[in-house]
Amino acid sequence: MPLLGVNIDHIATIRQARRGSEPDPVRAAHEAELGGADIITVHLREDRRHIQDHDVQRLAPFIAVRLNLEMAATDEMVSIARRLRPHMCTLVPEGRHEITTEGGLDVAGERKRLATAVRRLRAAGVMVSAFIDAEPDQIAASADAGFDACEIHTGPYAAAFAAAGGDFARTNLRDELAKVADAGEFIRANRMRFNAGHALNYQNVRAVAALPEVAELHIGHAIVSRAVFAGLRTAVADMKAAMKG
Ligand code: PXP
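For the record, in the sequence shown the residue sitting at position 243 is 242 according to the working numbering, with numbers rising by one throughout.
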């Protein structure tokens, strides 16, 4: 079964609604760990809309599991990551007006700039992952740019799952899952780690978790939504159960 990376950005979103001190993402990370999280993910956005610098500074030495820092490939973020040295950095495209990450990185179009960021991060001992769409040219470019891993954007699969009501007899859903599976195979053929994430939930996660050689799933919104009613520890444990089927 793949490892579960729990994205706790939404905990900071609630805190920032009052610019106060609660709920604390560090406490959330602890609860997620107790529920079985294998990785804690936070996205330090350039506009600092949820996670703040002090959150990442406190999380890095505090958590017992791996820290995955999502970030744009800017000089500022690369410098922060080189100082903090999380286990992994996932490079994502970032738009100020987006509600959440909307699409994969264009590694093929920005190979040189991204390769420089990858080199600087790897020199600090940080693994680097590219969040990309399930496209062969993006995977090949990621291998070329020196990435250790690719996280395949599962948004289109999740949308197809919702449209088909989870019925895998429907061609579109089968096709979208096959694109993720094929991407995974190509990532592994290029000797990178195959991760996946975005818009995965308790209903649609099983088919992705069952793909051969998928190493990590990164999930945020569904888990934090359930946590409002069930508590974070239980919501994470429930997600691990849903991954197993
Ligand atoms: N992976 C990446 C790269 C993301 O940007 C996000 C959203 O922050 C996720 C996974 C988690 O997506 P969701 O919140 O829809 O589970």
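Just so you know, even glycine gets a beta-carbon here, dropped at the ideal spot from N, CA and C.
Bear in mind the structure is a predicted one, so any value in this text is a computation, not a measurement.
Query: Cβ-based neighbour list, residue 128, same chain, cut-off 8 Å, excluding 5 preceding and 5 following; Result: 67, 87, 88, 89, 90, 146, 147, 148, 149, 150, 192 and 194
Query: Residue 40, enclosing alpha helix (DSSP H) - first and last residue; Result: Unbroken run through residue 40 is the beta strand (DSSP E), 38–42; no alpha helix (DSSP H).
Query: Segments assigned alpha helix (DSSP H), at least 4 residues, entirely inside the stretch 124–173; Result: 135–144 and 154–162
Query: Residue range of the alpha helix (DSSP H) that includes residue 49; Result: It is not in any alpha helix (DSSP H) - residue 49 carries neither H nor E in the DSSP assignment.
Query: Neighbour-count burial assignment, residue 56, 16 or more Cβ in a 10 Å radius; Result: exposed
Query: Length-filtered (3 minimum) beta strand (DSSP E) runs lying within the stretch 59–90; Result: 65–70 and 87–90
Query: Heavy atom of ligand 1 within 7 Å of residue 198 beta-carbon; Result: yes
Query: Rounded C-alpha distance that separates residue 162 from residue 24; Result: 33 Å
Query: Cβ-based burial, residue 33 [other Cβ within 10 Å; buried from 16]; Result: exposed
Query: Residue nearest to residue 224 in terms of C-alpha spacing, selected from 13, 142 and 2; Result: 13
Query: Contact belief for residue 79 with residue 106 at Cβ below 8 Å, rounded distance in angstroms; Result: Residue 79 to residue 106, Cβ: 21 Å. No contact.
Query: Residue 94, buried or exposed, once every other Cβ within 10 Å from all chains shown has been counted against 16; Result: exposed
Query: Residue 138: CB within 7 Å of a non-hydrogen atom of ligand 1; Result: no
Query: Own chain partners of residue 214 with C-beta closer than 8 Å, once the 5 adjacent residues on each side are dropped; Result: 1, 2, 148, 192, 193 and 194
Query: Which listed residue (77, 236 and 49) has its alpha carbon closest to that of residue 116; Result: 77
Query: Counted within 10 angstroms of its Cβ, other Cβ atoms place residue 219 as buried (16 or more) or exposed; Result: buried
Query: Backbone secondary structure at residue 30 - three-state DSSP; Result: helix
Query: Endpoints, beta strand (DSSP E) assigned at residue 213; Result: 213–218
Query: Expected contact under 8 Å - CB spacing of residue 62 and residue 138 to nearest Å; Result: Residue 62 to residue 138, Cβ: 30 Å. No contact.
Query: Residue 2, DSSP secondary structure in three states; Result: strand
Query: Under the three-state DSSP convention, the category residue 108 falls into; Result: coil
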